[in-house]
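For reference, the structure discussed in these notes is given below.
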Amino acid sequence: MRPPSDRPALVWFRDDLRLDDNPALDAAKATGRPLVLVFLLDEQSEGIRPLGGAVRWWLGRSLAALAAAIEAKGGELVLRRGRAIDCIPDLARDIGAQAVYWNRRYSAPEIAVDKAVKLALTTGGIAVESFGGNLLHEPWTVETQSGGAFRVFTPFYRRAVTQAIRVPSRAASQWRFGHPPDGERREEWALEPTAPDWAGGLRQAWTPGEDGALTALAAFIDGGLDGYADQRDRPDLPSTSRLSPHLRFGEISPHRALAAVRHAEADGSAAPRDVGKFVSEVYWREFSYNLLFHFPDIGHANFNDRFDAFEWASDGALVRAWRRGLTGYPLVDAGMRQLWQTGWMHNRVRMVAASFLIKHCLTDWRRGEEWFWDTLVDADPANNPASWQWVAGSGADAAPYFRVFNPVAQGEKFDPDGHYVRQFVPELAALPSSILHKPWEAAPAVLRQAGVVLGETYPRPVVDHAWARQRALDRFQRIRAE
């Protein structure tokens with residue numbers, strides 16, 4: 001029997017795959033007890049949504065990076081697979097753990113799993129400590145004056161930004177590890193595609209893991225933060241942080257990101273306006289998680305139930321053209337191809353592409369959300385559905401139902417020289433910028449010179465914008481009149 005003071009502390013990693021500024025890990029280390037570190041792949045617990053393909057790819061790479069970082073400290077990351085209610089209590093008992101530590105999650109199925117695991121552990125005499133590690137504020141701490149949940153971003157932001165946030169911690173240099181129990185090999189989980197291997201573009205575009213996250217943050221502060229407020233909507237410029245997948249997997253905490261940009265503001269290397277805009281974007285992520293916590297059905301049910309009566313067209317051919325980036329609208333197609341190639345899409349283009357599917361194609365937002373869930377490396381249970389509902393008009397603080405993004409006007413405004421479209425729709429690369437976003441209006445001689453044959457090398461528009469816009473407005477008006 002080991003002495004009581006030598007009983008290990010079990011740290012359960014989830015969406016917090018980092019050593020820096022990790023409250024659960026920091027608390028376990030502070031006990032001085034030997035650490036046992038585990039990641040559990042739970043695809044069986046009730047209500048847990050299976051991960052999409054792009055997220056599974058990222059997870060495999062991120063776990064490899066975390067395991068290497070732990071090995072460099074002299075420890076080992078234990079990998080297990082199964083239902084949390086079965087695996088975590090059994091593992092804690094097997095190693096004689098004094099306590100189990102984790103950072104909290106916020107979807108209803110995850111909360112239910114964590115409550116059940118906590119009950120099983122504490123009933124067995126094993127303590128549980130949970131922490132807020134992946135949000136700036138716990139959802140129940142930002143409330144309206146009447147004690148309810150915010151439904152509109154601006155008042156949420158005004159309230160939340162006045163509340164204190166913790167100072168990010170640094171991983172201590174001293175580590176003490178316990179004897180790791182047997183685990184599984186990451187390769188056994190088949191997280192990365194093989195036949196076919198569609199992840200080549202993802203590997204070129206991203207470096208998953210904590211080091212990749214910190215590198216991305218440093219690059220953003222050195223480059224993209226300058227002018228961020230004015231240029232963040234430009235997909236043709238390197239003007240975004242590209243931190244979203246790193247935040248989704250907790251490879252960096254939002255506290256660390258905000259501390260870094262505010263330090264840049266303090267030393268004069270970043271303008272307050274740019275920092276303020278970035279901070280508001282981080283708080284939009286907070287708002288999405290706030291909605292997920294208070295309205296747990298947001299991932300599959302209309303936040304505004306009036307939209308339950310909306311008449312969707314559900315045209316399979318239009319959906320397939322949208323998925324493949326063959327709608328005939330260059331900005332939409334560039335975005336959908338960027339998504340397929342890299343697992344990511346610029347946020348401005350996400351809005352345009354989502355609006356096109358919902359309002360031009362009259363397709364239920366849930367079909368688009370499902371496609372993004374499978375193809376985005378940053379797909380998470382809060383931002384993904386909340387953003388789709390925002391575009392649809394059915395969500396919290398939603399875009400007005402009558403806002404139908406014009407893909408031509410959006411392209412001309414935010415990709416004025418056509419660099420973004422030319423990168424991802426190379427068959428149009430030789431067209432002049434003046435006609436690039438509406439090739440169907442190009443003169444025959446211009447098309448011939450550019451090597452473009454509409455309907456062959458590049459499709460004609462699958463729907464007419466003006467007609468589709470009016471059709472959508474007519475149907476939205478029907479549900480407003482009911």
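According to UniProt numbering, the sequence shown is numbered sequentially starting from 1.
Each residue gets a CB set at the ideal place from its N, CA and C atoms; glycine is no exception.
- Rounded to the nearest angstrom, the gap between the Cα atoms of Phe424 and Trp312 is 30 Å.
- Beta-bridge annotation (DSSP): Trp440 is not paired with any residue.
- Under DSSP, Trp12 takes part in a beta bridge, and its partners are Val38.
- Per the C-alpha coordinates, the member of Asp333, Ser107, Arg151, Gln341 positioned closest to Val352 is Asp333.
- Annotation for Ala429: Arg422 place their beta carbon closer than 7 Å to its own, counting only its chain and skipping 5 residues before and after.
- For the set Ala108, Tyr157, Gln98, the Cα lying nearest the Cα of Glu129 is the one of Gln98.
- The beta carbon of Trp102 lies closer than 6 Å to those of Trp12, Ala24, Ser130 in the same chain, with the five residues before and after it left out.
- It is roughly 39 Å from the alpha-carbon of Ala27 to the alpha-carbon of Arg350.
- Per DSSP, Arg80 is one residue of the beta strand (DSSP E) stretching across 77 to 81.
- Counting the other CB atoms within 10 Å of its CB gives Ala30 a total below 16, which places it among the exposed residues.
- No residue range can be given for Tyr329, since it is assigned to no alpha helix (DSSP H) and is classified by DSSP as neither H nor E.
- Rounded to the nearest whole angstrom, the C-alpha separation of Pro439 and Thr327 is 12 Å.
- Pairing Gly183 with Leu79 gives a Cβ-Cβ distance under 8 Å.
- The straight-line gap separating the alpha-carbon atoms of Arg49 and His300 is approximately 11 Å.
- A contact between stretches requires three or more CB pairs, one per stretch, nearer than 8 Å, and the segment 256 to 276 fails this requirement with the segment 354 to 373.
- Counted as a single uninterrupted DSSP element, the stretch harbouring Trp365 is not any beta strand (DSSP E) but the alpha helix (DSSP H) occupying residues 365 to 375.
- DSSP places Tyr101 in the uninterrupted beta strand (DSSP E) bounded by 99 to 103.
- Within the same chain, Cβ atoms closer than 8 Å to the Cβ of Ile165 are found at Leu136, His137, His255, Leu258, the five residues on either side in sequence being excluded.
- In the structure shown, Val152 falls within a coil segment according to DSSP collapsed to helix, strand and coil.
- Nearest to Pro400 by C-alpha distance, out of Val408, Trp206, Trp390, is Trp390.
- For Phe249, no alpha helix (DSSP H) run applies, since DSSP gives it neither H nor E.
- In the structure shown, Val349 adopts helical secondary structure according to DSSP, grouped into three states.
- Here the segment 332 to 346 makes no contact with the segment 14 to 24; the two share fewer than three CB pairs at distances below 8 Å.
- For Ser146, the three-state secondary structure derived from DSSP is coil.
- Under the three-state reduction of DSSP, Leu454 is assigned to strand.
- In summary, Trp467 is exposed, with fewer than 16 beta-carbon neighbours lying within 10 Å of its beta-carbon over all protein chains present.
- Nearest C-alpha to Gly132 among Gly96, Tyr289, Phe150, Gln231: Tyr289.
- With three or more CB-CB distances shorter than 8 Å, the segment 197 to 216 counts as touching the segment 59 to 67.
- Rounded to whole angstroms, the gap between the alpha carbons of Gly250 and Asp464 is 42 Å.
- Per DSSP, the beta-bridge partners of Glu129 are Tyr101.
- Just so you know, the alpha carbons of Arg33 and Arg185 end up roughly 26 Å apart.
- Boundaries of the alpha helix (DSSP H) harbouring Tyr420: 419 to 424, taken from the DSSP string.
- The DSSP-derived three-state label of Phe177 is strand.
- In terms of Cα proximity to Gln410, the closest of Pro432, Ser253, Ala396, Leu436 is Leu436.
- Within the same chain, Cβ atoms closer than 8 Å to the Cβ of Thr215 are found at Thr207, the five residues on either side in sequence being excluded.
- Arg232 and Lys277 do touch by the CB rule: their CB atoms are close to 7 Å apart, below 8 Å.
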